[in-house]
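Asks: Dropping the structure in here first, questions after.
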Ligand SMILES: Cc1ncc(COP(=O)(O)O)c(C=O)c1O
């Protein structure tokens, strides 16, 4: 097995210096996700302003893959429109389910393409998706709490 | 005391083809037997021979194959009974695994509680107490916790000291006149602690409580004799003792099996049936509804033969030696903290540890790149993790086929972990 392929520089960098970490106010939606097989956890908050993801804040414990993934996600979705964030979520989930067959589009996924190698390791895909699952769930809750957007 | 004969580890290893497997360009070092052991060719061969030669359902047919299958299945029961020193083969109930064995017992209490005519030893009422320990595998915690919730009984537990031992001083306080059942682990799967049983059984006797032992991590590794232990029930699982998955054992004293209501009901566990009511078969059949794991029982008997051939005293001595070596070597690794007893006394060759600043998932991944198989995570013992303030650990566990050299490889590879995440 090629360790470098899994633990890319970008991943180790985000792991050691996570972007956007910490829980912040205000927020409309919060989600707590755990990976029951390893005990990794994340609490993540989403603040939506109009059609924008105005802030994503989080606190997590976990392995390098899950922590780096949350940090990369923060960079991708923070400040983007809700629609763009959902598109990135779909793209990243597809990449993780590709079993090593996809490379990911660097134009849209940026640093997150470094996780392409993770998709070959079925035991680690859940780690990489934990933060994204929390984001998806928190966003649903945020949209539900905003008047006029209860269709979300 | 030194064992008279010793394990010939090279000869043992030759019986396990999987140990010759290469991961990448390195031979596997399998240090995850506490999760599941590997199986020797003798076990695989016994199951193959049975399946190719004698396969049939048991106790249902008069034809030759049916008779052979019944004999093989009941022969396996007798073999297992002899292995654990049970006075009668009828005290051995085959289940799917330890988890099912413990649930069978917990549901005996629950079903008895619903039946006013059931044996009072199994009937629970609010105020009655169920006692476990803080170092249980979830399999010996959740069934009791849920039983307590459903019956109004109180779940209590014996805590763990900082050294990873049971807090035996708390016994008189935790086990009281209200205690109906004490169920505790013989060898802890995360900490590697081998628990002394006599103080707990003595106190339980004093207050008239029944005693169950989760022997999942002891029967594979130590001589276990149920008569000597003085407990009422033990549970263990085939796949951790060189046998196949899909088979486990509940041993219980005959009079208790008689008193216990069945868990699963259906075919093969009855005496008579009408549309309105059923009378149940005697134990062990009463607890073995449906077609049992027949080939698996044959495999388990072969595993027991294999272990007996090695000699359980030799198995214990080999693992004690490896436990000492593993503890000594791991202590030399910078930033590594052992969770559990740090001396090889009252301890199995299962060692959990944390590695400063590196998550166990990452440790396990780097070790895998060196073809070293360990387990990472909470090991189905969340409360134990909480007790030591960790989310997860890395756990290396040794068995009959492991060598000093494999432990050296583990320690060396931990240096590589440091390099990747340093
Ligand atoms: C102490 C202990 N109890 C119970 C079990 C459950 O065994 P099984 O999963 O085979 O039911 C295990 C193993 O996972 C264990 O280590």
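Protein chains in written order, with the working numbering: chain D, 7 to 158; chain Y, 29 to 450. Even glycine gets a Cβ: it sits at the ideal position worked out from N, Cα and C.
Is residue 276/Y helix, strand or coil when you go by DSSP?
Replies: strand
Asks: Let me know if residue 435/Y comes out buried or exposed under the rule of 16 or more other beta-carbons within 10 Å of its beta-carbon.
Replies: A buried status is given to residue 435/Y, since no fewer than 16 other beta-carbon atoms sit within 10 Å of its beta-carbon.
Asks: Alpha carbon to alpha carbon, what distance is there between residue 418/Y and residue 66/D?
Replies: 14 Å
Asks: Quick one: measure Cβ to Cβ for residue 104/D and residue 449/Y, integer angstroms, because I've assumed they're closer than 8 Å.
Replies: Taking the Cβ atoms as the reference, residue 104/D lies roughly 26 Å from residue 449/Y, outside the contact range of under 8 Å.
Asks: In whole angstroms, what separates the C-alpha of residue 124/D from that of residue 188/Y?
Replies: 38 Å
Asks: Have a look at residue 261/Y and residue 169/Y and give me their C-alpha separation to the nearest angstrom.
Replies: 15 Å
Asks: If you measure from the beta carbon of residue 136/D to each beta carbon in chain Y, is any gap under 9 Å?
Replies: Chain Y, which has no Cβ nearer than 9 Å to the Cβ of residue 136/D, makes this no.
Asks: Measure the C-alpha to C-alpha separation of residue 58/Y and residue 349/Y and round it to an integer number of angstroms.
Replies: Roughly 17 Å separates the two Cα atoms.
Asks: Please determine, among 424/Y, 279/Y, 420/Y and 366/Y, the residue with the shortest C-alpha to C-alpha distance to residue 63/Y.
Replies: Closest by alpha carbon: 424/Y.
Asks: Using the DSSP secondary-structure output, state which residues sit across from residue 34/D in a beta bridge.
Replies: Partner(s): none; residue 34/D has no beta bridge.
Asks: Quick one: what's got a C-beta closer than 8 Å to residue 102/D's C-beta in the same chain, skipping five residues either side?
Replies: 121, 124, 125, 131, 134 and 135
Asks: Pick out whichever of 76/D, 110/D and 54/D has its Cα sitting closest to the Cα of residue 89/D.
Replies: 54/D
Asks: Can you list, in chain order, the residues of its chain with a C-beta nearer than 7 Å to that of residue 87/Y? Leave out the 5 residues immediately preceding and following it.
Replies: 98 and 296, listed in sequence order.
Asks: Does DSSP classify residue 65/Y as helix, strand or coil?
Replies: coil
Asks: If contact means a Cβ-Cβ distance below 9 Å, which residues of the segment 66-100 of chain D contact chain Y?
Replies: 67, 68, 69, 70, 71, 72 and 73
Asks: Could you check if residue 268/Y belongs to the surroundings of ligand 1, using beta carbon to heavy atom distance under 8 Å?
Replies: Judged by the Cβ position, residue 268/Y qualifies as a neighbour of ligand 1 at the 8 Å threshold, a heavy atom of the ligand being closer than this.
Asks: From 172/Y, 372/Y and 366/Y, pick the residue whose C-alpha is nearest to that of residue 451/Y; which is it?
Replies: With chain Y running from 29 to 450 in the structure shown, residue 451/Y is simply not present.
Asks: Rank 427/Y, 389/Y and 324/Y by C-alpha distance to the C-alpha of residue 79/Y and give the top, closest one.
Replies: 324/Y
Asks: With a threshold of 8 Å (Cβ to nearest heavy atom), would residue 130/Y be considered close to ligand 1?
Replies: Checking every heavy atom of ligand 1 against the Cβ of residue 130/Y, one is found closer than 8 Å.
Asks: Using a Cβ-Cβ distance cut-off of 9 Å, determine whether residue 127/D contacts chain Y.
Replies: yes
Asks: With distances taken from CA atoms, which of 110/Y, 100/Y, 153/Y and 289/Y is nearest residue 255/Y?
Replies: 110/Y
Asks: Hey, how far is the Cα of residue 309/Y from the Cα of residue 316/Y?
Replies: 10 Å
Asks: Can you tell which of 64/D, 79/D and 15/D has its C-alpha closest to the C-alpha of residue 32/D?
Replies: 64/D
Asks: Using a threshold of 8 Å, is the CB atom of residue 134/Y nearer than that to any non-hydrogen atom of ligand 1?
Replies: Residue 134/Y has its Cβ no nearer than 8 Å to any heavy atom of ligand 1.
Asks: For residue 346/Y, does the three-state DSSP call read helix, strand or coil?
Replies: helix
Asks: Quick check on the burial criterion: 16 or more other C-beta atoms within 10 angstroms. Buried or exposed for residue 399/Y?
Replies: buried
Asks: Is DSSP giving residue 186/Y helix, strand or coil here?
Replies: strand
Asks: Evaluate contact between the segment 199-216 of chain Y and the segment 151-166 of chain Y, counting only Cβ atoms and requiring at least three cross-stretch pairs below 8 Å.
Replies: yes
Asks: Starting from residue 362/Y, find everything on chain D with Cβ-Cβ shorter than 8 Å and list it in chain order.
Replies: Simply none; closest approach about 19 Å.
Asks: Entirely within the segment 281-358 of chain Y and at least 3 residues each: give me those beta strand (DSSP E) ranges in chain order.
Replies: 298-301 and 306-308
Asks: In the DSSP assignment, what are the bridge partners of residue 46/Y?
Replies: Answer is none; residue 46/Y lacks a bridge partner.
Asks: Buried or exposed for residue 156/D, going by 16 or more other Cβ atoms inside 10 Å?
Replies: Low confidence applies to residue 156/D: its pLDDT is 49, below 50, so where it sits in the model is not reliable, and the reading given next is rough at best. With fewer than 16 Cβ atoms within 10 Å of its Cβ, residue 156/D is classed as exposed.
Asks: With burial defined as no fewer than 16 other Cβ atoms inside 10 Å of the residue's Cβ, what is the status of residue 100/D: buried or exposed?
Replies: exposed
Asks: Determine the burial state of residue 29/D: buried for a count of at least 16 other Cβ atoms within 10 Å of its Cβ, exposed for fewer.
Replies: exposed
Asks: Give the residues of chain Y in contact with residue 168/D, contact being defined as C-beta atoms less than 9 Å apart.
Replies: Residue 168/D lies beyond the stretch modelled for chain D, which goes from 7 to 158, so this question has no answer here.
Asks: Counting C-beta neighbours from all protein chains within 10 Å, is the total for residue 458/Y 16 or more, i.e. buried, or is it exposed?
Replies: Given a span of 29 to 450 for chain Y in the structure shown, any question on residue 458/Y remains unanswerable.
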